[in-house]
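> Here the sequence shown stands for residues 439 to 1425, numbered as in this note's numbering.
This is the structure I have questions about; it appears just below.
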Amino acid sequence: MGRAGFILDSLIAAKEARPMIVVMPAGHSSRSGANPIGRPATEDFVDDFVKDVKPYIESHYRVLKGRANTAIAGLSMGGGQTLNVAIPHLDQTEGLMKRTISIGVLTVALASAGVAAVQATKTALAASQAAAPAAKTSAAAKTAGGAQAKIEALVAQMTLDEKISMLHGTNDPNSYGQAGYNPGVPHLGIPPLRLADGPAGLRTAQPATALPAPIAMASTFSPALAKQYGQIIGRDARARHQNVVLAPMVNIIRVPQAGRNFETLGEDPLLASRLVAAEIEGIQREGTIATVKHYAFNNQENQRRSVSAEVDEQTGRETELPAFEAAVRAGVGSVMAAYNKVNGAWAAESVPLLTDILRKEWGFKGFVMSDWSATHSGAPALTAGMEMEMPNGRYYGKLAEAVKSGELKESVVNEAVRRILSAMEAAGLLKDGDATRAVAEIPATSPGARDIVVAGAVLLKNERNVLPLGKDDLASLAVIGPTAKVLVVGGGGSANVRPMHNGNPLEILQQRAGAGAKIAYAKGYDVDGEPVPSDVLRPEGRPDARGLLRKGAAGAADSVDAAINFVGPNALPAGSSVTWTGTIIARQTGDYVLKLQTAGGRGNLSAGTQGARQGGPGQRGAAGAPGTRGGTAPGTALPEGMAPGAIAEATAIPGFGAAALLPTADGLTNTSTPTRLEAGVAVPLTITVTSRSTTPVQVRLTWVTPDTEKARIDEAAAAARAAKTAVVFAYDEGTEGRDRASLSMPGPQDALIAAVAAANPRTVVVLNNGAPITMPWADKVAGILQMWYPGQEGADATAAILLGEASPGGRLPVTFPRRAEDAPTAPAERYPGVNGKGAYSEGIFIGYRWYDKQNIEPLFPFGHGLSYTTFSYSALTVRPAGDGFDVSFTVKNTGTRPGVDVPQVYVGPAPNASAPMAVKKLVGFDRVTLAAGQAKPVTIHVDARSLSYWSVTAHKWTVAPGPRAFMVGASSRSITLKADVVVGEIR
Ligand code: BGC
């Protein structure tokens, strides 16, 4: 047929329900090894093809011609005798895969199952054109037509083993240090997948933009900034040859202590939904597949691999699930199934979650991968809808046998492969693979990230306008705390990113404070400690000597080292693995902190009853900043599973122990173990260090004694007393793998702040934490600036805010309780759970909804955040509009500086509602920038969903009609405008 001499290579797999055909120019054969699918066709070819089929599709066909990358994707047989013809069009100038033009449905007769000429026998019946921005186009739309045809063709060409190899991870022969790898099927043009964390920036062995923690981004209340955040991650992924990003994390903050709170988007489902959708749009615009995680109810780290979240239908629908739904609706390519169980079934094989809700109800078209080693079965998990086991093929590697034995239908395997290919296709990966993807360089600094740090910084308290610092303050300023000098870039675990650079907030402050500034510094809290002196150490078996016994390598004699302090030029040779044994005998009874610090090797310290270990047994290859795994964080209780009374290692949490987030001042990984020592009592000590690289091994044993701890606090108080104003930097250590043992900051930081505040009423606290902390000193200090984990631009942004060069623009996306006991999850059956079950019996009342319902005054409420200026709200109107209401009012900057406000709209419950409803529920917000004195009208649409509850009888969102309060305010506890509106039955 026609001048181009088309060959239609029919690839009808006998077992396949949907036969398929691939079209290619004459002279090409898929059997020749050249993959015709998706290859760029010449213009001539397109022209010829167009002309040949023109009679059949004339009235419908509109292909954009004259573009370089036009390709014939394929023809696929639908059910019966129809042939779908599709031409995806890649328009580089407007973004990836912007248009998919699906032309025609032809009726064909197949001549044979081999290479065959196909005669189109009938005029095309229909044509459709889908043209939408890539990020907004759902996976479904993208895989329509040509893409679908291409995918069918690929599946048909794959052997069973090739298909199965696409369903699980394996080792990357050319690893970039990322978390996961899938080899693809290169001879069919399916590139490998490289999967890299994560939510706070791209994590491989190479540095990348370390963004402020997701909780900081959530504090911006800005979908536009969320998108910018996603774009930075997506661009960095491209630059580092990664095509799947293991982000965003969107588990709702339910437990204030949960280790990964810094990595997620707060406690409110609406806020999280708006932000996650925008972030995904940003990531996927860059041609990388986003992965929303961890589906679902992974709301705590302790026992995360075993706990069953016992959650009722309404609670699940109204708290945790909306943000996942928003991600699916935003076209997310991939979903990561969580470690935990949900109502008794593993999340990674839950039919209600994966089949019923995700696929049937939300229409998810991408693929689900397991969290790392969260898979518990082969055929059952795959059949439930978990397509990819990560990071290896422990279960899915055996799926071929299951197919052969009849336990698993091959059609289930095919469908899983199709889904993975669909996501790849939507991201453009089947088009140009990794090799030809434009590689952007990662800039050394990121103004985009810095904007987000500033926009997410929350000014919690600012009495007497102590901030920004004025000339007088700078002329006599005391800066206190280790994190004033060593930036806390990010939280620990798989979201920890190697920054492109980091800075020293103090140094930047000093540089920018201008002439006449006088800034004194005091450590306040010694994170590094001092080398343990030899006179308190006794080598094993040599009571008269001082130091520790170094066990000789095979054949070599034992020797005694007076101190364990092999750093810098004294480092041990590369490849060294050494064990020291002996005892430590303190002269004074008290609470000590022992610290093992290493570089180039992994260390392990056991002291009497406790231990610090660097890196758990399950530590993976992904590279991270030093000091993110292993050991016990300073001042915190031992991790779960650490039994007192025996020499033990902190190995309870495989993969993520907990070295301090902060490296030492000289860059060593720093692990700590709090240890009670009695005067004169010998406590056994064993230290090992094992080389982990080709560099020399550095190792140092230090401690903080009760005396030195007190001395540091006294010095800090003295510095504060001598200054006009004091700024204390304080931090906590959130990490994946374990929850914080309490809401207090580690070490003596509370005592330090209290002492400084007592010495100087103009004390400002700068917080680098990732989640709620308690602040027993809150009433005593003048200012509190919540900078979160600010990422690589944090030092600069912090200095700019302190100096008033930038204004903090964030609002709390999570409630800060006064006391841990106030939290909804305080009862043990809710958290950490009893007998392996965590009861979500607080129902829909998480976060601020709980504090409202129980009438508990939080320390700082959800939505709270001050500015260097002030705002007022007026002129509220609420009008029916579209599927809900438009809420309009005026926001005015009533102060003398420019600033950003985040007005929030809440609605109250319906009277006589047949389901529990919150006293106040966030239904909308805006972010408004105003010059001094400026006023702006704001209109926020409140949609029908926001006015609904999840009905457990109808199993759907149901508007609660009747009179409802519409409230506008600056936080969930600061409502200034209110209107009662009768809500009708909206459909
Ligand atoms: C985490 C995931 C992460 C994965 C790969 C898991 O332990 O829970 O969030 O993406 O590791 O690093």
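C-beta atoms are modelled at their ideal positions from N, C-alpha and C, and glycine is treated no differently.
Tell me the DSSP secondary structure of residue 841 in three-state form.
It is helical.
> Using only Cβ atoms and a threshold of 5 Å, which residues come within that distance of a heavy atom of ligand 1? Order them by chain position.
Qualifying residues, in the order they occur: 617, 635, 684, 809, 810 and 932.
> At what residues does the beta strand (DSSP E) containing residue 1036 begin and finish?
Unbroken beta strand (DSSP E) run through residue 1036: 1028 to 1037.
> Determine the extent of the alpha helix (DSSP H) in which residue 1288 is found, giving its start and end residues.
Note, residue 1288: alpha helix (DSSP H), 1286 to 1292.
> Alpha carbon to alpha carbon, how far is residue 1249 from residue 1237? Give it in angstroms, no decimals.
Those two C-alpha atoms are separated by around 19 Å.
> Kindly give me the distance between the Cβ atoms of residue 806 and residue 775, rounded to whole angstroms, as I take these residues to be in contact under 8 Å.
Going by Cβ atoms, the distance from residue 806 to residue 775 rounds to 6 Å, so yes, they are a contact pair.
> Kindly identify the DSSP beta-bridge partner or partners of residue 987.
Answer by DSSP bridge pairing, in chain order: 998 and 1019.
> Residue 469: buried (16+ other C-beta within 10 angstroms of its C-beta) or exposed?
Any answer about residue 469 is weak, because its pLDDT of 31 lies below 50 and its placement is not dependable; what the coordinates show is given next. With fewer than 16 Cβ atoms within 10 Å of its Cβ, residue 469 is classed as exposed.
> If you drop the 5 nearest sequence neighbours on each side, which residues of the same chain put their C-beta closer than 8 Å to that of residue 1416?
For residue 1416, where only same-chain residues beyond five positions count, the Cβ hits under 8 Å are 1314, 1403, 1404, 1405 and 1406.
> Check the C-beta distance from residue 1022 over to residue 1115 and give it rounded, since I have them as a contact under 8 Å.
Contact holds; Cβ gap of about 7 Å.
> Which one or two residues does DSSP pair with residue 1375 in a beta bridge?
Note: residue 1375 sits in a beta bridge opposite 1328.
> Report the option in 586, 1209 and 676 whose CA atom is closest to the CA atom of residue 738.
Nearest C-alpha to residue 738: 1209.
> Quick one: what's got a C-beta closer than 8 Å to residue 1177's C-beta in the same chain, skipping five residues either side?
Cβ within range, chain order: 693, 695, 696, 697, 738, 739, 740 and 1270.
> Would DSSP call residue 862 helix, strand or coil?
Residue 862: helix per DSSP, three-state reduction.
> Using the C-alpha atoms, what's the distance from residue 959 back to residue 1307?
Rounded to whole angstroms, residue 1307 to residue 959 spans 30 Å at the Cα level.
> Give the secondary structure of residue 889 by DSSP, where H, G and I count as helix, E and B as strand, and everything else as coil.
Residue 889 falls in the helix class under three-state DSSP.
> Is residue 975 helix, strand or coil by DSSP?
Here residue 975 sits in strand by DSSP.
> With DSSP collapsed to three states, give me the class of residue 1220.
In this structure, residue 1220 counts as coil in the three-state DSSP scheme.
> Nearest CA to the CA of residue 989: which residue from 621, 981 and 977?
Here the closest residue by C-alpha is 977.
> Residue range of the alpha helix (DSSP H) that residue 944 falls in?
From DSSP, the alpha helix (DSSP H) with residue 944 extends over 943 to 950.
> On the premise that residue 1134 lies in contact with residue 994, defined as a C-beta separation below 8 Å, what is that separation, rounded to the nearest angstrom?
Incorrect: roughly 19 Å between the Cβ atoms, too far for contact.
> Determine, using beta carbons only, whether residue 861 and residue 804 come nearer to each other than 8 Å.
Result yes, Cβ atoms of residue 861 and residue 804 sit closer than 8 Å.
> Quick one: residues in its chain with C-beta nearer than 7 Å to the C-beta of residue 841, no 5 flanking neighbours on either side, listed in chain order?
Closer than 7 Å at the Cβ level, and outside the excluded window around residue 841, lie 598, 848 and 851.
> Residue 880: which of 646, 616, 1257 and 1320 sits nearest, CA to CA?
Closest option to residue 880, Cα to Cα, is 646.
> With three or more C-beta pairs closer than 8 Å as the rule, is the region 1279 to 1292 touching the region 1241 to 1257?
Judged by Cβ distances under 8 Å, the region 1241 to 1257 makes contact with the region 1279 to 1292, as three or more pairs qualify.
> Going straight from the alpha carbon of residue 1325 to that of residue 1380, what length do you get?
If you take the alpha carbons of residue 1325 and residue 1380, they lie about 7 Å apart.
> My guess is that residue 678 and residue 644 are in contact by the Cβ rule of under 8 Å, so how many angstroms apart are they, rounded?
The pair is a contact, with the Cβ atoms about 6 Å apart (cut-off 8 Å).
> Specify the secondary structure class of residue 936 as computed by DSSP and reduced to three states.
Reduced to three states, the DSSP call for residue 936 is coil.
> Would a C-beta distance cut-off of 8 Å place residue 926 and residue 1227 closer than the cut-off?
In contact: residue 926 and residue 1227 (Cβ atoms closer than 8 Å).
> Indicate whether residue 1185 and residue 1113 have their beta-carbon atoms separated by less than 8 Å.
Contact: no.
> Under the three-state reduction of DSSP, which class applies to residue 499: helix, strand or coil?
With a pLDDT of 29 at residue 499, under the threshold of 50, the modelled position of this residue cannot be trusted, and the question is left open.
> Please go through the region 672 to 716 and give each complete alpha helix (DSSP H) segment of 4 or more residues, from N-terminal end onward.
Qualifying alpha helix (DSSP H) stretches: none in this window.
> Output needed for residue 1337: all residues of its chain with C-beta closer than 7 Å, excluding positions within five of it in sequence on either side, in chain order.
So the qualifying residues of the chain are 1245, 1305, 1306, 1307, 1331 and 1368.
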